[in-house]
Each structure stands twice: as C-alpha cells, then as structure tokens.
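Residue numbers (the numbering used here), protein chains in the order written: chain Z, 892 to 1197; chain U, 45 to 152. Beta carbons: idealized from backbone N, C-alpha and C, even for Gly. Some notes on the structure that comes next.
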C-alpha cells in the first residue's frame, strides 16, 4: 500500500577524483551540472527531472554510496514514516533543512543491510532542463553524451534482505520481483514505490553496505546501443552489455565510472501496480534472470562492488 | 629486462608470465594481450578484485580505494593492478582480494 513515498530523489556517490567523475557523469552519461557547495560536492540531474539535483558527487578515499534519498509527497508524510520506521527499532535522525543545499529536512536511517537511506519532501524545483513548462519542445538542444533523462534507481548489495523487505514494505513499497533460493530465502528484492518495476533493488551478499550501481534512464534501445558506442569511443571501462535483463525485462548496458562505481543506462522494462503479484525468479536460473540472452552469470557482476 | 619498451610480468601464484608495454596501467595492458592472471573488476581502483602483492620490481600507482589498500598495505607492496604502472619487470602475486565481512554490524 502506497504511503507517500514518490520516487528516488537523490544519491550521493563517493569518487576518488572529482574532475574525472564529473567528466564521466556529465560528458559521457549526459547529466547536467546544477551546482557545487562549499564542501566541494557537485550536484547533477538528468534533463527531464524537475528538482534541482538528483546525483551528488563527493570526493573521498573510498568510492561507494553515502546515501540514497526518496522524495515524499509532503512534510507531514516524513513524520508519519519516521514514526513507522522507529517502530521497527531503527533509529531515525532528522537532518535540518539546508544541510543539503536547496533541500528541506531529511529523515535519515540505516537499513538492516547497512545502507543509509533518507526521506525528504522539499527541494527547489528548477523544472526540466532546457525546455519550458508551457508549450514545451520535445527535447532541449545541447545535451551531451548518452543524454540520460533521469536518475532512475540503485541496486545495492547487503546481507539482511528480509530486514530490508520489512523496512521498505513499511515505507509503502511493493515487491515487484524477487529471486528465491530452493529453501525459499530471498536472494534479491526489486522494490517499487511507483509504477516502475524497481525504484530500489537489493541482492544478497555477505558484506553490508555495498554499492552495485546507480542507473539512468534512456528512452530507446537505439539509445542504449549509442551509449555502448560512446563507451568504446571514450575507452570507458565496460562491464557487460548491451543486453536484456530477465528481471524487470529492461534493456541495459553496465560500465564503470573512473573510481570503479558501476553505472547503468537502460530503457524499457515492465510496470507494476499495487495489485500485481510478485514475479519470482529461481536462483537456479539466476543467469537468465540477470542476463536474459547469454543466460550466464558474469562473475564480475556479482563481485565488483564499491 | 626483455627490452626497453616492455615489462615482463611474472604472476607467481598462477605460474604465468607475460609482457606488457611500458607506461601502461597493468590490468588493462594484461587484458590487451589476452592474459588472465589477474581478476578484472571495475578497472577504476574501487572494487579491489585486481589486488596484487608486488614481490619485486619498481612501479607507481594512482589513487586507490582505502577500503582495499590501506597505507600500511601499500607500503608492503599491495596495490590494485588497474592503478599500477610497471616501471620495470615485476614479480607479483594476484588473487589477494578479500571480502570485508568483518565490517561493523549495524544494530538491527
């Protein structure tokens, strides 16, 4: 049952070299730089996103994800959901407005898998980049690289998937797809707060708090092919693709930023309404579930994490 | 040294020897000559899969994730092959990647 979480709102990614990272996310993926702060962090967005930013890059000694935030419908929802999360025995910290520039207060907590999430409801809206909200043109001129339209979701690796399922169900997410082992234990969760097949996904892994990828949406399969061409033209580290996933049926390519954080651009994919039955993949068919064509697991996909 | 433009890389734990052009990052140079003595991950110094220990030879490194190469380890010759440029022939061990399962457990 929906409880007021709307969408993935932002992700803060740690990088080893800020200039190299900006080149990757702006020149290659095609995000728009919308600001920098006095800590040196860089703020980016996809051109169709209405809020001021959705990706934050922070230079650090160790790449990975600092936190991922979900935008909620209103401020009152933050208090309701924070109370619900505290009922699970999870500590929730309220971070005051302005801690992230142009963003309202955030309710932050650590999920059972060790990942930090937050909820917020207010962020400056600058509108879609390069087009008006009155009689808008189809797309703006001047987009770069893959011309990614939006930050779409993250896939994270961690240990306590049952705990995370309980947490995200408490936040009103639906379980669109799952991977089950022969004993019926959850090996992967694809969770959504919307009609998208996933807004956040988790794969079972022995370590806590690992980052697998941040994903950006493209409109067509032709765009995914063009993204693959750009990966080669820029000598960017390729993981796998272009191909199709079994899980979500999205069409995808994976590659790495210059600090080793995995990026995905993808298009298509299934949709989810709250009355949909959860789609189940068996772990015995995990190869097909992840890479629908080769039906083989690429070891790197399971082990290269930040 | 084999010649001035190449470095010979001996991976002792895999009993494999190959040559790479001097001045190139080791992991990607290894991939170009179709060798598989070191695991390939992100190629960006982040995931740690290509962690090696250099036993002999000179090299320089670019910035690597502290999660996989601490300063103490770097001083002992550990490095990520994707960030390592050989400056001479090298003798090294691959397969030093380890999961960090001892990470602090969150209160659940």
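Interface residues of the segment 1143-1163 of chain Z facing chain U [CB-CB below 8 Å]: 1147, 1148, 1149, 1150, 1151, 1152, 1153
Reduced DSSP category for residue 1083 of chain Z - H, G, I as helix; E, B as strand; rest coil: Against the first chain, residue 1083 of chain Z aligns to sequence position 192. Here residue 1083 of chain Z sits in strand by DSSP.
C-alpha gap between residue 1039 of chain Z and residue 1048 of chain Z, whole angstroms: Translated into positions along the first chain, residue 1039 of chain Z becomes position 148. Translated into positions along the first chain, residue 1048 of chain Z becomes position 157. Using only the alpha carbons, I get a separation of about 24 Å.
Residue-chain proximity (residue 953 of chain Z, chain U), Cβ-Cβ < 8 Å: Within the first chain, numbered from 1, the residue matching residue 953 of chain Z stands at position 62. Cβ-Cβ to chain U under 8 Å: yes for residue 953 of chain Z.
is_contact[residue 1195 of chain Z, chain U] using C-beta, thresh 8 Å: As a first step, residue 1195 of chain Z is located in the first chain; it is residue number 304 there, counting from the start. Chain U contact via Cβ: present.
Span separating the alpha-carbon of residue 1008 of chain Z from that of residue 135 of chain U: Numbered from 1 along the first chain, position 117 holds the residue referred to as residue 1008 of chain Z. Numbered from 1 along the second chain, position 91 holds the residue referred to as residue 135 of chain U. Residue 1008 of chain Z and residue 135 of chain U: Cα-Cα distance of roughly 44 Å.
Residue closest to residue 1178 of chain Z, alpha-carbon to alpha-carbon, out of Z/998, Z/1070, Z/1149, Z/1155: Counting from one through the first chain, the residue named residue 1178 of chain Z turns up at place 287. Residue 1178 of chain Z has its Cα closest to that of Z/1070, out of Z/998, Z/1070, Z/1149, Z/1155.
Residue 905 of chain Z, buried or exposed, once every other Cβ within 10 Å from all chains shown has been counted against 16: The sequence position of residue 905 of chain Z within the first chain is 14, counting from 1. The residue is buried, with at least 16 neighbouring Cβ atoms inside 10 Å.
Outcome for residue 1015 of chain Z when other beta-carbon atoms lying within 10 angstroms are tallied against a minimum of 16: Residue numbering aside, residue 1015 of chain Z sits at position 124 when the first chain is read from its first letter. Its Cβ having fewer than 16 others within 10 Å, residue 1015 of chain Z is exposed.
Three or more C-beta pairs below 8 Å linking the segment 102-110 of chain U and the segment 125-140 of chain U: yes
Interface flag, residue 138 of chain U vs chain Z, CB-CB below 8 Å: Sequence index remark: in the second chain, residue 138 of chain U carries index 94 (1-based). Residue 138 of chain U does not count as touching chain Z.
When U/51, U/67, U/49, U/84 are compared against residue 1212 of chain Z, the one with the closest alpha-carbon: Lying outside 892 to 1197, the shown extent of chain Z, residue 1212 of chain Z is not represented and no answer is given.
Three or more C-beta pairs below 8 Å linking the segment 1173-1188 of chain Z and the segment 78-92 of chain U: The segment 1173-1188 of chain Z vs the segment 78-92 of chain U: no contact.
Interface flag, residue 46 of chain U vs chain Z, CB-CB below 8 Å: Residue 46 of chain U sits at position 2 when you count from the first residue of the second chain. Residue confidence for residue 46 of chain U is low, a pLDDT of 49 falling below 50, so the modelled location carries little weight; the figure read from the coordinates is stated next. It does not; no Cβ of chain Z falls within 8 Å.
CA-to-CA distance, residue 142 of chain U to residue 1131 of chain Z, given in whole angstroms: Position 240 of the first chain, counted from the start, is the residue given in the question as residue 1131 of chain Z. Position 98 of the second chain, counted from the start, is the residue given in the question as residue 142 of chain U. Rounded to whole angstroms, the separation of the alpha carbons of residue 142 of chain U and residue 1131 of chain Z is 23 Å.
Cβ of residue 143 of chain U within 8 Å of any chain Z Cβ: Start at 1 with the first residue of the second chain, and residue 143 of chain U comes out as number 99. Interface residue, yes.
7 Å CB neighbourhood of residue 124 of chain U in its chain, flanking five on each side removed: By 1-based counting over the second chain, the position of residue 124 of chain U is 80. Excluding residues within five positions, the ones whose Cβ falls inside 7 Å are 89, 92, 94, 95, 108, 112, 113.
Near-chain Z residues of the segment 81-103 of chain U - C-beta to any C-beta below 9 Å: Answer set for the segment 81-103 of chain U: 83, 84, 85, 86, 87, 88, 89, 90, 91, 92, 93.
Assigned secondary structure, residue 1195 of chain Z (DSSP; H/G/I helix, E/B strand, else coil): Along the first chain, read from residue 1 onward, the residue named residue 1195 of chain Z stands at position 304. If DSSP states are grouped into helix, strand and coil, residue 1195 of chain Z belongs with coil.
Alpha-carbon to alpha-carbon, residue 949 of chain Z and residue 54 of chain U: Here residue 54 of chain U corresponds to residue number 10 of the second chain, with the count starting at 1. Here residue 949 of chain Z corresponds to residue number 58 of the first chain, with the count starting at 1. Rounded to whole angstroms, the separation of the alpha carbons of residue 949 of chain Z and residue 54 of chain U is 37 Å.
Whether residue 72 of chain U touches residue 81 of chain U by CB criterion (8 Å): Translated into the one-based positions of the second chain, residue 72 of chain U becomes position 28. Translated into the one-based positions of the second chain, residue 81 of chain U becomes position 37. Contact flag unset, no.
Inter-stretch contact at 8 Å, needing at least 3 Cβ pairs: the segment 1082-1095 of chain Z / the segment 1117-1128 of chain Z: no
Residue interval of the beta strand (DSSP E) (run including residue 961 of chain Z): Within the first chain, the letter at position 70 stands for residue 961 of chain Z. Per DSSP, residue 961 of chain Z belongs to the beta strand (DSSP E) from 955-963.
Nearest to residue 1100 of chain Z (by Cα), restricted to the options Z/1051, Z/1139, Z/963, Z/962: Within the first chain, residue 1100 of chain Z is the residue found at index 209, counting from 1. Of the candidates Z/1051, Z/1139, Z/963, Z/962, the one whose C-alpha sits nearest the C-alpha of residue 1100 of chain Z is Z/1051.
Beta-carbon spacing of residue 1174 of chain Z, residue 1092 of chain Z below 8 Å: The count along the first chain starts at 1 and reaches residue 1174 of chain Z at position 283. The count along the first chain starts at 1 and reaches residue 1092 of chain Z at position 201. Against a cut-off of 8 Å, the Cβ pair of residue 1092 of chain Z and residue 1174 of chain Z comes out as no contact.
Chain Z contact residues for residue 110 of chain U, given Cβ-Cβ distances below 9 Å: Looking up residue 110 of chain U in the second chain gives position 66. Neighbours of residue 110 of chain U in chain Z, taken as residues at a C-beta separation under 9 Å, are given in chain order as 951, 952, 953.
Exposed unless 16 or more other CB atoms sit within 10 angstroms - verdict on residue 1245 of chain Z: Missing from the structure shown is residue 1245 of chain Z; chain Z here goes from 892 to 1197 and no further.
Contact check, residue 1226 of chain Z vs residue 996 of chain Z, beta carbons under 8 Å: The requested residue 1226 of chain Z does not occur in the structure, where chain Z is confined to residues 892 to 1197.
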